[in-house]
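> Numbering-wise, the sequence shown is residues 7 to 175 according to my numbering. Note that the Cβ used here is the ideal one computed from N, Cα and C, for glycine as well. Next up is a structure, given as structure tokens.
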Amino acid sequence: MEWIGAVLILTVTTLAGFDIAARFKQRPGHIRQWKNALQMIEAEMVYGQSSLWEVCENLARHLPPPTSQFFEKINQDQEPCSDFASLWESRLKKHWSSNAMGKSEWEILLQFGRTLGQHDLEQQQKQIQLALHHLDRELQEALDGVDQYQRMARGMGVLSGLLVIILII
């Protein structure tokens, strides 16, 4: 019976480690999706003269999940919305658990959402470029550390399971 428990503990902690490693692997892809979203926002607002709601509708159709789901939810809540920045923040909070990005990306996107639609087109373009620059930096950091953090997360999952087993026995 002890051996079955030990195998279960080791399996659960190993799977948890592999799940965390998968999130590290997904992080660069999710950052790229958001970069694409910001570039599309810039193109549609600055060059296409589209409204925020039209931009969100187009992004929901053209981006892959999970980013498209964020813009779908924003588009669904357009009717009762009086403040786009607060809608952006609330949707970002609800959406955040479905992606693999970290706290720094959260801050970048939250700050961007506060400025979205608040300025003229020239200032808006500068805000988009600033957010893109910050996301570029985060993307490079994510790409540099993905292999290292994946190996560490997998190893920690296995080793933590072994530690628990040793402590129990």
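1. Any heavy atom of the ligand NAD closer than 7 Å to the CB of asparagine 64?
2. Using the three-state DSSP reduction, which class does glycine 108 fall into: helix, strand or coil?
3. What are the uninterrupted segments assigned as alpha helix (DSSP H) that are 4 or more residues long and contained completely in the segment 95-151, given in chain order?
4. Look at the Cβ atom of glycine 167, then the Cβ atom of leucine 16, and state whether they are nearer than 8 Å.
5. Hey, valine 170 and glycine 23 are a contact pair by Cβ (cut 8 Å); roughly how many whole angstroms apart?
6. Which residue's Cα is closest to the Cα of glutamate 60: Thr73, Lys132, Phe77 and Ala12?
7. Leaving aside the five residues before and after glutamine 117 along the sequence, list all residues of the same chain whose C-beta is less than 8 Å from its C-beta, in chain order.
8. According to DSSP, simplified to helix, strand and coil, what is glutamine 82?
By the coordinates alone:
1. In the structure shown, the ligand NAD is absent, as is every other ligand, since no ligand is present at all.
2. What you label residue 108 is simply residue 102 of the sequence shown in a count that begins at 1. Of the three classes helix, strand and coil, the one that applies to glycine 108 here is coil, per DSSP.
3. At a cut-off of 4 residues, the continuous stretches assigned as alpha helix (DSSP H) that sit fully inside the segment 95-151 are 109-121.
4. Indexing the sequence shown from 1 puts residue 167 at position 161. Indexing the sequence shown from 1 puts residue 16 at position 10. In contact: glycine 167 and leucine 16 (Cβ atoms closer than 8 Å).
5. Your numbering for residue 170 matches position 164 in the sequence shown. Your numbering for residue 23 matches position 17 in the sequence shown. Valine 170 to glycine 23, Cβ: 13 Å. No contact.
6. For the purposes of this step, residue 60 is taken as the residue at position 54 of the sequence shown. Cα-wise, what sits closest to glutamate 60 is Phe77.
7. Position 111 of the sequence shown holds residue 117. Closer than 8 Å at the Cβ level, and outside the excluded window around glutamine 117, lie Ala137.
8. The sequence position of residue 82 within the sequence shown is 76, counting from 1. If DSSP states are grouped into helix, strand and coil, glutamine 82 belongs with the helices.
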